[in-house]
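Contents: one structure, followed by commentary.
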Amino acid sequence: TPEHLSFVVTDSPRGAGPMGILSGDFVFVGDVGRPDLLEKAAKIANTMETSARTLFHSLQRFRALPDHLQVWPGHGAGSACGKALGAIPSSTVGYEKRSNWGVAETDEEAFVAGVLSGQPEPPTYFAQMKRMNRDGPALLGGLPAPLRLPAHDILELTARGAWALDLRNASEFAAEHVPQSISLPMSRSFSTWAGWIVPYDADVVFLLPNAAESAQSDLAKFAARELAMIGLDRVIGWIDSSAAIDAWRASGQSTAFIEQVHPEALASALTSGAARAVDVRGHSEWAAGHLPGVPNVPVGWLRDALADLPAGPLVVQCQGGARSAIAASLLHRLGRRDVQNMVGGFAQWTAAGLPVQR
1 TPEHLSFVVT
11 DSPRGAGPMG
21 ILSGDFVFVG
31 DVGRPDLLEK
41 AAKIANTMET
51 SARTLFHSLQ
61 RFRALPDHLQ
71 VWPGHGAGSA
81 CGKALGAIPS
91 STVGYEKRSN
101 WGVAETDEEA
111 FVAGVLSGQP
121 EPPTYFAQMK
131 RMNRDGPALL
141 GGLPAPLRLP
151 AHDILELTAR
161 GAWALDLRNA
171 SEFAAEHVPQ
181 SISLPMSRSF
191 STWAGWIVPY
201 DADVVFLLPN
211 AAESAQSDLA
221 KFAARELAMI
231 GLDRVIGWID
241 SSAAIDAWRA
251 SGQSTAFIEQ
261 VHPEALASAL
271 TSGAARAVDV
281 RGHSEWAAGH
291 LPGVPNVPVG
301 WLRDALADLP
311 AGPLVVQCQG
321 GARSAIAASL
331 LHRLGRRDVQ
341 NMVGGFAQWT
351 AAGLPVQR
């Protein structure tokens with residue numbers, strides 16, 4: 001974006017010149033920043049191409065830096081701020097000149113076309129981030145440290161519309177969970193998916209995996225910090241997931257589960273018309289290859305597309321099963337109780353030799 005800054009860092013006492021660059025959202029390990037967000041997320045029209053050309057000329061200045069300078073980017077793997085961010089936390093200018101497609105590209109038109117194509121869908125919370133960066137965030141008085149809540153609180157919290165984020169692995173969640181809760185295992189993309197689907201005016205409670213209470217407390221603190229970094233500040237506490245399920249059962253209510261479907265079973269159901277499916281990957285992934293006749297609605301767009309989803313038994317599918325597990329739990333919360341999840345995703349579908357449409 002036009003206001004972005006990067007900082008070249010010099011260790012002044014040594015007097016040996018610059019040692020590195022804090023590149024922020026400009027140059028990542030293996031990728032460069034995406035100039036489409038101002039238009040796609042903040043809805044400022046006709047800014048993508050201009051920003052892409054500005055980015056190209058900034059990269060010319062980056063290539064002129066000494067090869068030995070360290071590169072400390074603002075994001076790594078799992079971030080939606082680029083197409084293919086590397087997993088290592090830092091690099092050097094010289095290495096990025098050799099391995100980073102954006103730094104290596106010296107043709108302006110080719111760069112503009114490349115940087116604007118295949119970008120992942122911008123999470124809906126990016127527009128919220130722009131507003132917060134402009135106006136300033138809420139004053140928290142320090143980073144949040146959520147407290148453990150009594151297990152029976154899950155009943156009242158769910159009744160008043162709080163969002164319960166279940167941090168267990170997806171298979172445990174699918175087997176049994178508190179109705180209306182969302183499957184959101186801790187990962188590098190935890191805050192990204194939370195930002196996609198959790199309303200900013202909603203209270204949040206964590207349902208944590210079984211562990212020692214000290215470990216659960218640490219996990220809750222880390223998860224709350226991750227959400228605070230994108231402005232989701234209304235975390236009110238955490239509950240042990242097993243205790244929450246027990247409390248739910250003790251109230252006389254039924255717990256929930258998500259049926260799992262294997263690719264071969266889904267292929268048969270699609271052929272017979274016994275079920276429909278939706279691919280919740282990004283558009284570029286879907287375009288590269290997808291289940292025959294299966295439409296594409298990225299996870300974060302499911303809420304807005306709810307009325308347009310096929311009626312009847314519906315199977316959600318992604319690349320490896322992680323995003324579809326989130327999607328299935330979200331659709332259950334939104335009232336689609338007939339939603340199932342395809343385990344293994346598109347990767348397992350292709351490994352089984354099932355047909356692919358391009």
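Heads up, the sequence shown is in my numbering, so the first residue is 1 and it goes up one at a time.
Glycine residues also receive a C-beta, built at the ideal position from the N, C-alpha and C atoms.
Same chain, Cβ closer than 6 Å to residue i, neighbours up to 5 away in sequence not counted
i	result
A325	A170, S183, N341
F346	Q319
G82	F28, D31, R34
F56	E108, F111
D279	W286, H290, V294, N296, Q317
For residue i: DSSP bridge partner residues
i	result
L314	R276, V339
I239	L207
Q70	G20, T92
I182	L165
N296	D279
R148	W238
Q357	H290
V112	Paired residues: none, contrary to the question.
V27	V32
Residue range of the unbroken beta strand (DSSP E) whose run includes residue i
i	result
S90	No beta strand (DSSP E) holds S90; DSSP gives it neither H nor E.
F206	204-208
F257	From DSSP, F257 is part of no beta strand (DSSP E); its letter is neither H nor E.
T10	7-10
Cβ-Cβ separation, residue j to residue i (assumed contact under 8 Å), whole Å
i	j	result
V205	L157	5 Å
A162	A202	7 Å
L334	A275	Contact flag wrong, Cβ pair sits at about 19 Å.
L85	F28	5 Å
L65	V103	That pair is no contact at about 10 Å.
A42	K130	5 Å
G289	V356	5 Å
A175	F257	6 Å
S241	R358	Rounded, the Cβ-Cβ distance is 41 Å, inconsistent with contact.
Buried versus exposed, by CB contacts within 10 Å (16 or more), residue i
i	result
G282	buried
L207	buried
T47	buried
S251	exposed
F62	buried
D25	buried
A16	exposed
N210	exposed
Q216	buried
A138	exposed
R14	exposed
F111	buried
A305	exposed
P298	buried
T271	exposed
N133	exposed
Q60	exposed
I154	buried
Element boundaries [alpha helix (DSSP H), containing residue i]
i	result
D218	213-228
L302	302-305
F62	48-63
S329	322-333
S191	190-197
V103	101-104
R134	125-135
L37	37-40
A159	153-159
E172	170-175
G345	345-351
Cβ shell of residue i (< 7 Å), same chain only, five flanking positions each side left out
i	result
S58	F26
A220	P146, F206, L208, W238
A45	E39
Cutoff 8 Å; reference residue i; Cβ partners in own chain excluding five residues on either side
i	result
W301	E121
E264	A352, L354
I236	P146, L149, L157, A162, D203, V204, V205
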